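Asker: Numbering (full-length UniProt numbering), first residue to last: 1 to 160. The C-beta atom is built at its ideal place from N, Cα and C for all residues, glycine as well. Since we're looking at a predicted model, the values are computed, not measured.
#1: Who are the Cβ neighbours of residue 148 in its own chain at under 6 Å, not counting the five residues just before and after it?
#2: To the nearest angstrom, how far is it from the Cα of residue 55 to the Cα of residue 125?
#3: Going straight from the alpha carbon of residue 158 to that of residue 112, what length do you get?
#4: Taking buried to mean at least 16 other C-beta atoms within 10 Å of its own C-beta, is residue 8 buried or exposed?
#5: Mind reading off the beta-carbon distance from residue 3 to residue 50? Whole number of angstroms is fine, and I expect it under 8 Å.
#6: Taking 8 Å as the cut-off, does the segment 73–82 touch the segment 90–110 (at least 3 CB pairs, one atom from each stretch)?
#7: Tell me whether residue 97 sits in a helix, a strand or coil according to DSSP, three-state version.
#8: Is residue 84 helix, strand or coil by DSSP?
#9: Helix, strand or coil for residue 126? Go by DSSP, reduced to three states.
#10: Would you report the Cα separation of residue 5 and residue 77, rounded to the nearest angstrom?
#11: Grouping DSSP H, G and I as helix and E and B as strand, with all else coil, what is residue 120?
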């Protein structure tokens with residue numbers, strides 16, 4: 001059974017980290033819980049409960065691995081949970097994702113072309129999406145226009 005293999009792998013992994021694992025069955029419905037506490041025998045776990053537990057264990061292992069890695073993506077996405085997108089086209093979802101992680105043609109095409117990393121000609125600093133959207137004084141008017149209000153907090157270096 002695939003789910004049992006996943007549970008076994010998860011338990012083995014946790015034990016290799018020096019953690020002990022106990023299985024406790026917690027029925028989904030409260031009336032089942034009341035009946036279970038009154039019962040003198042152990043009620044076998046329901047497959048659905050096992051799948052849910054295994055999924056949670058797997059998710060926790062994945063989160064622990066994510067937490068232990070050193071990546072700049074954690075600034076954008078601290079957890080491994082799925083991003084929630086509004087109902088949009090696939091193309092819009094890709095655009096939103098690329099904006100979230102800061103990977104755009106203007107900031108990352110140098111990796112494919114073998115050119116030098118782009119610099120902001122105005123600020124003489126690394127050209128990043130964050131720099132363009134929040135820091136660079138060249139884009140203050142555009143930020144004011146698109147925010148629909150007076151853009152706050154930009155000093156002479158464009159810092160917010």
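Answerer: Considering the structure as presented:
#1: none
#2: 44 Å
#3: Unreliable positioning characterises residue 158 in this predicted model, as indicated by a pLDDT of 41, which lies under 50. A coordinate reading is not provided.
#4: exposed
#5: 6 Å
#6: yes
#7: helix
#8: coil
#9: strand
#10: 30 Å
#11: strand
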